[in-house]
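**Q** These protein sequence lines are chains A and B, in that order.
Under the UniProt record's numbering, think of the first position of the first sequence as 1, with each following residue one higher.
Under the UniProt record's numbering, think of the first position of the second sequence as 1, with each following residue one higher.
C-beta atoms are modelled at their ideal positions from N, C-alpha and C, and glycine is treated no differently.
Nothing here was measured: the structure is a model prediction, and the numbers come from that model.
Protein chains: 2
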Amino acid sequence: MSTKTETRKEEIIRIAAKLFKQKGYSAVTMRDLAKTMGIKAASLYNHIESKQAILQDVILTIAEEFTLGMASIQNQKASSTEQLKALIQLHVRIACHNPDGLAALNSDWMHLEDKLEYYLQLRNDYEANFRHIIERGIENKEIKNVDIEVILFSMLSTLRTLYLWIPKKDRLSEDELSASLTKILIEGINT
Amino acid sequence: MSTKTETRKEEIIRIAAKLFKQKGYSAVTMRDLAKTMGIKAASLYNHIESKQAILQDVILTIAEEFTLGMASIQNQKASSTEQLKALIQLHVRIACHNPDGLAALNSDWMHLEDKLEYYLQLRNDYEANFRHIIERGIENKEIKNVDIEVILFSMLSTLRTLYLWIPKKDRLSEDELSASLTKILIEGINT
Numbered sequence: 001m002s003t004k005t006e007t008r009k010e011e012i013i014r015i016a017a018k019l020f021k022q023k024g025y026s027a028v029t030m031r032d033l034a035k036t037m038g039i040k041a042a043s044l045y046n047h048i049e050s051k052q053a054i055l056q057d058v059i060l061t062i063a064e065e066f067t068l069g070m071a072s073i074q075n076q077k078a079s080s081t082e083q084l085k086a087l088i089q090l091h092v093r094i095a096c097h098n099p100d101g102l103a104a105l106n107s108d109w110m111h112l113e114d115k116l117e118y119y120l121q122l123r124n125d126y127e128a129n130f131r132h133i134i135e136r137g138i139e140n141k142e143i144k145n146v147d148i149e150v151i152l153f154s155m156l157s158t159l160r161t162l163y164l165w166i167p168k169k170d171r172l173s174e175d176e177l178s179a180s181l182t183k184i185l186i187e188g189i190n191t
Numbered sequence: 001m002s003t004k005t006e007t008r009k010e011e012i013i014r015i016a017a018k019l020f021k022q023k024g025y026s027a028v029t030m031r032d033l034a035k036t037m038g039i040k041a042a043s044l045y046n047h048i049e050s051k052q053a054i055l056q057d058v059i060l061t062i063a064e065e066f067t068l069g070m071a072s073i074q075n076q077k078a079s080s081t082e083q084l085k086a087l088i089q090l091h092v093r094i095a096c097h098n099p100d101g102l103a104a105l106n107s108d109w110m111h112l113e114d115k116l117e118y119y120l121q122l123r124n125d126y127e128a129n130f131r132h133i134i135e136r137g138i139e140n141k142e143i144k145n146v147d148i149e150v151i152l153f154s155m156l157s158t159l160r161t162l163y164l165w166i167p168k169k170d171r172l173s174e175d176e177l178s179a180s181l182t183k184i185l186i187e188g189i190n191t
């Protein structure tokens, strides 16, 4: 993940996400983080204000990525099925690129302080937009007329836990995983 | 949930599961439990040995219910699709009847002590049997030839998180939920 262009701040965020995932936000100290990075705790503060600021960065970066991805998908003049396929790809892409950040988001979002409400707003809007795409698909008769909340729950539970599972499956490329998941979630498993 | 036939021990287990769900196993004390039940902490010990014994009871009761359910389903001479439908029903039934216990299982299984290995064995066997049913379905050409781990992950992530979602959806009966989920997970969402 580390590239030539990674800034010190990005490195801090990346390593902090890994520590949050391993030990949980509450158990990680700025001292732990400095130690893991082999630098002095004081020099962390040249790049980042606080542990809370790191958590905000980890979680909101991802939440905003989902929000922008959703906006771009809703902007496309595509069928509901095509939009759902694009959403599956969005989840796979973010889960492949940032599994540690997603783990921190899922386990530690409730530790957000000032930004908690903003995060919850983004999450609620995302769900509402996802629901709306399914709804339109049912109206268009592209999608089966099954209880919409069950469809939404079923897709989101799979997509939101991808990060738990992706690290074990690195034999599958991102594209293969998107293709398999799309087939399963949209067309079902039976022949 | 409380019925005439509930023993004191069952009541302890039921209320403890609710507390574990609210605060996490580690944060709950026998004193909290006694207070919630309006009895003396000392009298808890007439019915149950320790907090660990309660956790074991909560988690292993559920894990064994899944194991026995799986054994009975594998015993049926049914198609793979029928067996998968029966597994969906099994998950819905347990999640509807014991959402607090499932929450404790999902969040606190790692706090099992002596019984941890036994629990992990049951879980691994359950997954292996689930995988085997899918595998047989692919061989029989009942199930699409998609990466088997992606099918298994996708079904299990939905089924294992049902307990998070069921309390919000009590407008749906257990049978309706089973029917909708079966349709979505087996036949997919598109028309």
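The alpha helix (DSSP H) spanning A:V28 covers which residue range?
**A** Unbroken run through A:V28: none, as it is neither H nor E.
**Q** Roughly how many angstroms separate the alpha carbons of A:W109 and A:I59, rounded to a whole number?
**A** Using only the alpha carbons, I get a separation of about 7 Å.
**Q** Between the segment 151-175 of chain A and chain B, which residues of the former have CB atoms less than 7 Å from a CB of the latter, in chain order?
**A** I151, F153, S154, S157, T158, T161, W165, K169 and L172
**Q** Consult DSSP for B:S2 and reduce its assignment to one of helix, strand or coil.
**A** In this prediction, B:S2 scores a pLDDT of 49, lower than 50, which makes its location untrustworthy; the coordinate-derived value is nonetheless stated afterwards. Here B:S2 sits in coil by DSSP.
**Q** What separation, rounded to the nearest whole angstrom, lies between the Cα atoms of B:I48 and B:L164?
**A** 28 Å
**Q** Would you tell me roughly how many angstroms separate the C-alpha atoms of A:A78 and B:I148, rounded to the nearest one?
**A** 30 Å
**Q** Please state whether DSSP places B:N124 in a helix, a strand or coil.
**A** In the structure shown, B:N124 adopts helical secondary structure according to DSSP, grouped into three states.
**Q** With the cut-off set at 8 Å, would you say B:E142 and B:S80 are in Cβ contact?
**A** Yes, they are a contact pair.
**Q** Got a sec: is the Cβ-Cβ distance from A:L181 to anything in chain B below 8 Å?
**A** yes
**Q** Check whether the Cβ atoms of A:S180 and B:V146 lie closer than 8 Å to each other.
**A** yes
**Q** Do you know how far the Cα of A:M30 is from the Cα of A:S43?
**A** 10 Å
**Q** Is DSSP giving A:N145 helix, strand or coil here?
**A** coil
**Q** Which partner residues of A:N190 appear in the DSSP bridge assignment?
**A** B:I143
**Q** Cutting at 8 Å between CB atoms, please list the residues of its own chain near B:Q76, excluding the five before and the five after it.
**A** So the list reads E82, Q83 and A86, once near-sequence residues are dropped.
**Q** The alpha helix (DSSP H) spanning B:H91 covers which residue range?
**A** S80 to H97
**Q** Would A:R8 count as contacting chain B if we go by Cβ distances under 8 Å?
**A** no
**Q** Looking at A:A104 and A:Y45, is the spacing between their C-beta atoms short of 8 Å?
**A** no
**Q** Would you report the Cα separation of B:S2 and A:S72, rounded to the nearest angstrom?
**A** Here the model assigns B:S2 a pLDDT of 49, short of 50, so the residue's position is not dependable, and the following value carries that caveat. Those two C-alpha atoms are separated by around 50 Å.
**Q** Determine, for A:D147, whether the minimum Cβ-Cβ distance to residues of chain B falls below 8 Å.
**A** yes
**Q** For the alpha helix (DSSP H) containing B:E113, list its first residue and its last residue.
**A** Under the DSSP assignment, B:E113 falls outside any alpha helix (DSSP H); it carries neither an H nor an E label.
**Q** Of the residues that make up the segment 92-111 of chain A, which ones have a beta carbon closer than 8 Å to any beta carbon in chain B?
**A** none
**Q** Select from B:G38, B:S107 and B:Q74 the residue whose C-alpha is nearest the C-alpha of B:R160.
**A** B:S107
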